[in-house]
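These notes are about the structure you will find just below.
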């Protein structure tokens with residue numbers, strides 16, 4: 385990173401995109417995943433607003449949603465913030481998040497706080513361009529976002545927005561690009577799974593018996609979901625990903641495919657994937673699951689490749705950010721009166 389820093393005294397705006405549907409899919413029925421109800425998301429956002437206020441942020445743009453998460457969090461606005469809805473047409477579908485992220489990028493937001501899981505952040509990443517994400521986990525597998533208190537996330541986002549932190553504190557994550565017949569059609573942040581299922585159905589994917597192949601952007605120990613299969617096979621450091629072919633072979637791995645759902649998965653073959661590598665999807669017709677949810681139907685006539693790109697979204701780790709802020713003395717102030 386270049387070390388770019390916002391001018392002192394010119395705090396930037398912060399965006400908030402909170403997904404009311406995150407953390408509520410079928411994996412609450414087939415596994416033991418937690419449910420993040422919308423009242424809890426309101427409380428998380430309320431704490432985040434407190435953190436933003438403490439750093440001197442004044443303007444917050446938010447995506448209106450069907451539950452009114454941010455507006456409920458800001459009731460009686462005791463945070464001394466200008467809260468403005470992002471002026472995009474609201475369809476209350478995933479495309480709203482992408483459009484909101486794009487609007488924030490066009491209007492110079494300093495960062496975007498997200499509430500959701502891997503899928504929510506995938507959609508936001510399609511539109512955010514170079515605007516950093518501060519992702520708070522309220523989804524299911526939560527490989528991409530951080531399980532962190534809203535106060536901590538708000539402080540970190542605010543310190544970045546007001547220029548106390550610069551982009552040396554950011555990490556650029558990889559992404560997986562899905563190309564069909566030479567056109568980039570979508571991305572994934574964590575994994576792409578090739579499913580033999582022909583229809584999208586409930587979208588959430590959890591049964592390994594329906595999966596032919598998995599491509600992961602990073603091999604991360606201690607994760608939940610399809611990416612756990614690669615993590616159990618090959619502890620490869622970033623920026624290398626992995627390609628895994630499931631089926632009867634010489635080895636099985638025992639992995640947590642969902643919270644509370646530990647199962648054994650047969651593996652036929654696997655190999656590392658370097659940035660820039662392309663994997664050709666031979667299984668057609670099929671469906672492709674992006675970050676745990678079936679999103680794309682592939683016909684027999686399609687030519688499909690998945691490419692590992694190093695140019696994914698910029699991300700701010702709230703805990704690491706506050707550690708750097710402490711090293712820079714951001715929390716210190718002169719004593720104004722004797723003890």
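In this note's numbering, the protein residues as written are 385 to 723. Idealized CB from N, CA, C, for every residue including glycine.
Checklist entry - Any idea what DSSP makes of residue 604, helix, strand or coil? => result coil
Checklist entry - Which residues mark the beginning and the end of the alpha helix (DSSP H) in which residue 481 is found? => result 478-490
Checklist entry - For residue 480, which residues of its own chain have a beta-carbon under 7 Å away from its beta-carbon, when the five flanking residues on both sides are left out? => result 447, 472 and 474
Checklist entry - residue 398 lies in the beta strand (DSSP E); which residues open and close that run? => result 398-402
Item to check | Given 8 Å, three or more beta-carbon pairs between the stretch 486-496 and the stretch 453-462 | outcome: The stretch 486-496 makes no contact with the stretch 453-462: fewer than 3 CB pairs, one atom from each, lie closer than 8 Å.
Checklist entry - Where does residue 502 fall in DSSP's three states? => result helix
Item to check | Buried versus exposed call for residue 592 [16 or more other C-beta atoms within 10 Å across all chains shown] | outcome: buried
Checklist entry - Which residues in the same chain as residue 615 place their Cβ atom closer than 7 Å to its Cβ, once the five residues preceding and following it in sequence are excluded? => result 603, 604, 605 and 607
Next on the checklist: Nearest by alpha-carbon distance to residue 623: which of 694, 677 and 699 is it?
Outcome noted: 694
Checklist entry - By how many angstroms is the C-alpha of residue 507 removed from the C-alpha of residue 412? => result Confidence in residue 412 is poor, its pLDDT being 41 and thus under 50, which makes the residue's placement too unreliable to answer from.
Checklist entry - Across which residues does DSSP place residue 466 in a beta bridge pair? => result According to DSSP, which records beta bridges pairwise, residue 466 is partnered with 443.
Next on the checklist: Using 8 Å for Cβ pairs, my map puts residue 561 next to residue 690. What's the rounded Cβ distance?
Outcome noted: 7 Å
Checklist entry - Among residues of its own chain, excluding the 5 on either side of residue 633, which ones have a beta-carbon nearer than 7 Å to its beta-carbon? => result 650, 651, 652 and 653
Checklist entry - Span of the alpha helix (DSSP H) holding residue 581? => result Counting along the chain, residue 581 falls outside any alpha helix (DSSP H), and DSSP gives it neither H nor E.
Next on the checklist: Just to confirm the assignment, what range does the beta strand (DSSP E) spanning residue 405 have?
Outcome noted: Per DSSP, residue 405 belongs to no beta strand (DSSP E) and is neither H nor E.
Checklist entry - What is the DSSP secondary structure of residue 458, reduced to helix, strand or coil? => result It is coil, neither helix nor strand.
Next on the checklist: Comparing C-alpha positions only, which one of 439, 549, 558 and 400 sits nearest to residue 575?
Outcome noted: 558
Checklist entry - What residue range is occupied by the uninterrupted alpha helix (DSSP H) comprising residue 613? => result 611-617
Checklist entry - So residue 545 and residue 441 are in contact, right, with Cβ under 8 Å, and what is the actual spacing, rounded? => result That belief holds up - the Cβ atoms of residue 545 and residue 441 are roughly 5 Å apart, short of 8 Å.
Checklist entry - What residues are listed by DSSP as bridge partners for residue 708? => result Its beta-bridge partners do not exist; DSSP assigns none.
Checklist entry - If you draw a straight line from the C-alpha of residue 724 to the C-alpha of residue 635, how long is it? => result For the chain, the structure presents residues 385 to 723; residue 724 sits outside this window and is missing.
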